[in-house]
Amino acid sequence: MADNLNAQTSVNLYDQLAQQIRNDIHSGKLAVGEKIPSEFELSDMYNISRSTVRKAISVLVDENLLVKAHGKGTFVSSNTSGSNNSTFLSYTENIKSMGKTLSTKLLRFSHVHPTEGQKEFFKLDSDDLILEIERLRYVDGVPICVETCWFDSEYDSLEKKDLNGSLYAILKKDYNIVSFNGSKTVELCYASPEEAELLDVPRGSALMLVEDKVYNGQKPLHISKQVLRGDKFKYAIK
Numbered sequence: 001m002a003d004n005l006n007a008q009t010s011v012n013l014y015d016q017l018a019q020q021i022r023n024d025i026h027s028g029k030l031a032v033g034e035k036i037p038s039e040f041e042l043s044d045m046y047n048i049s050r051s052t053v054r055k056a057i058s059v060l061v062d063e064n065l066l067v068k069a070h071g072k073g074t075f076v077s078s079n080t081s082g083s084n085n086s087t088f089l090s091y092t093e094n095i096k097s098m099g100k101t102l103s104t105k106l107l108r109f110s111h112v113h114p115t116e117g118q119k120e121f122f123k124l125d126s127d128d129l130i131l132e133i134e135r136l137r138y139v140d141g142v143p144i145c146v147e148t149c150w151f152d153s154e155y156d157s158l159e160k161k162d163l164n165g166s167l168y169a170i171l172k173k174d175y176n177i178v179s180f181n182g183s184k185t186v187e188l189c190y191a192s193p194e195e196a197e198l199l200d201v202p203r204g205s206a207l208m209l210v211e212d213k214v215y216n217g218q219k220p221l222h223i224s225k226q227v228l229r230g231d232k233f234k235y236a237i238k
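Heads up, the sequence shown is in the working numbering, so the first residue is 1 and it goes up one at a time.
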């Protein structure tokens with residue numbers, strides 16, 4: 001990273017810097033999860049003001065090429081590689097892309113005994129408990145999804161976070177996790193009595209079941225299950 005910027009061109013300096021960083025990301029000079037130089041370092045490197053650097057970074061954050069982690073710096077986002085990582089954009093981002101409003105209600109935060117499949121995924125001993133987070137998601141005020149996520153005990157501090165928004169935003173900001181990859185399955189299921197009540201549909205209604213097993217690089221991160229109303233929502237996978 002450090003081709004000189006051209007102050008004599010009609011292209012704004014912040015756009016030139018943003019393009020330089022884009023090029024470094026797409027060429028692999030900056031890898032997914034890599035921390036980029038600080039605002040001060042970029043300012044000194046390119047002989048430009050910090051406000052210009054800040055504006056360039058803001059542009060790239062809006063493009064989901066960079067992500068800021070409070071107190072830790074700015075990192076290359078997982079949404080840059082063109083691989084399966086883009087499949088694991090948060091539900092919040094999925095809804096925003098449709099121009100709709102998402103709201104969330106935390107239903108349950110507890111510790112549970114893992115299933116055999118969860119033990120295998122998290123590489124747990126039989127006595128270990130895992131964290132279970134159950135939430136109800138609304139789109140434009142309509143209950144649309146019952147979401148359950150499981151994490152190992154490393155993420156117990158999530159209990160202190162505001163879980164009425166994007167979990168992935170919390171993981172990026174507070175845990176410096178910027179790489180999401182793994183597997184996703186989508187199938188048909190039928191509403192249990194509890195799901196029917198929460199989603200305001202008749203018992204036994206056909207629903208969409210989306211299950212993710214997500215890793216941070218090679219490390220197991222979480223398992224999630226989303227039970228969605230297919231009559232109200234289309235799940236887009238890039």
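For every residue, glycine included, the Cβ atom is placed at its ideal position computed from N, Cα and C.
None of these values were measured; they are calculated from a predicted model.
Practice task
Given a cut-off of 9 Å, decide if TYR215 and GLY182 are closer than it, judged by their beta-carbon atoms.
Solution key: yes
Exercise for the section: Return the CA-CA distance between TYR168 and GLY204, expressed in angstroms with no decimal places. Expected result: 31 Å
Exercise for the section: Can you give me the Cβ contacts of PRO143 inside the same chain, cut-off strictly under 7 Å, excluding the 5 residues immediately before and after it? Expected result: LEU136, LEU198, LEU199 and ASP200
Practice task
Counting only the same chain and skipping the five closest in sequence on each side, list residues whose C-beta sits under 7 Å from that of LEU5.
Solution key: LEU13, GLN16, LEU17, TYR46 and ILE48
Handout entry: Same chain only: Cβ atoms within 7 Å of TRP150, ignoring 5 sequence neighbours per side
Key = GLN118, ILE130, LEU131, GLU132, HIS222 and ILE223
Handout entry: Buried versus exposed, by CB contacts within 10 Å (16 or more), GLU229
Key = Strictly speaking, residue 229 in this sequence is Arg, with Glu absent from that position. The residue in question, ARG229, is buried, as its Cβ has 16 or more Cβ neighbours within 10 Å.
Problem - alpha helix (DSSP H) runs wholly inside the stretch 135-198, at least 4 long, in chain order - result: 167-175, all fully within the stretch 135-198.
Problem - DSSP bridge partner residues for CYS226 (one or two, in chain order) - result: Checking the sequence shown, residue 226 turns out to be Gln, not Cys. For GLN226, which the question treats as bridged, DSSP gives the partners GLU147 and VAL210.
Problem - Which listed residue (HIS70, ARG50, PHE75 and GLY71) has its alpha carbon closest to that of LEU60 - result: It is PHE75 whose Cα lies nearest to the Cα of LEU60.
Handout entry: Neighbourhood of THR185 by C-beta distance below 7 Å, restricted to the same chain and skipping five residues each side
Key = GLU211
Exercise for the section: Using a threshold of 9 Å, state whether the C-beta atoms of LYS225 and GLU147 are closer than that. Expected result: yes
Problem - Alpha-carbon to alpha-carbon, ASP24 and LEU30 - result: 5 Å
Exercise for the section: Could you check which residue in THR101, ASP152, THR104 and GLY99 has the C-alpha nearest to that of PHE122? Expected result: For PHE122, the closest alpha carbon among the candidates THR101, ASP152, THR104 and GLY99 is that of ASP152.
Handout entry: Neighbourhood of LYS161 by C-beta distance below 8 Å, restricted to the same chain and skipping five residues each side
Key = Same-chain partners within the cutoff: ILE170 and ASP174.
Practice task
Grab me the residues of LYS72's own chain with a C-beta within less than 7 Å of its C-beta, minus the 5 sequence neighbours each way, in chain order.
Solution key: ASN176
Handout entry: 9 Å Cβ cutoff met for PRO114 and LEU102
Key = no
Handout entry: Segments assigned alpha helix (DSSP H), at least 4 residues, entirely inside the stretch 110-137
Key = 116-122
Problem - Residue range of the alpha helix (DSSP H) that includes VAL59 - result: 50-62
Practice task
Please state whether DSSP places LEU42 in a helix, a strand or coil.
Solution key: helix
Problem - Reference GLU134, options PHE40, GLU195, PRO37 and GLY28, closest by Cα - result: The candidate whose alpha carbon is nearest that of GLU134 is GLU195.
Practice task
Quick one: give me the first and last residue of the beta strand (DSSP E) that LEU13 is part of.
Solution key: Residue range 13-27 is occupied by the alpha helix (DSSP H) that includes LEU13, with no beta strand (DSSP E) assigned at that position.
Exercise for the section: Return no unless some Cβ of chain B is closer than 9 Å to the Cβ of SER183. Expected result: Of the chains in the structure shown, none is chain B; there is only one protein chain.
Handout entry: Selected residue, minimal CA-CA separation from GLU41, among SER166, SER27 and THR52
Key = THR52
Handout entry: Per-residue DSSP class, three states only, for GLY73
Key = strand
Problem - Closest by C-alpha distance to LYS219, when choosing among VAL178, SER166 and LYS68 - result: VAL178
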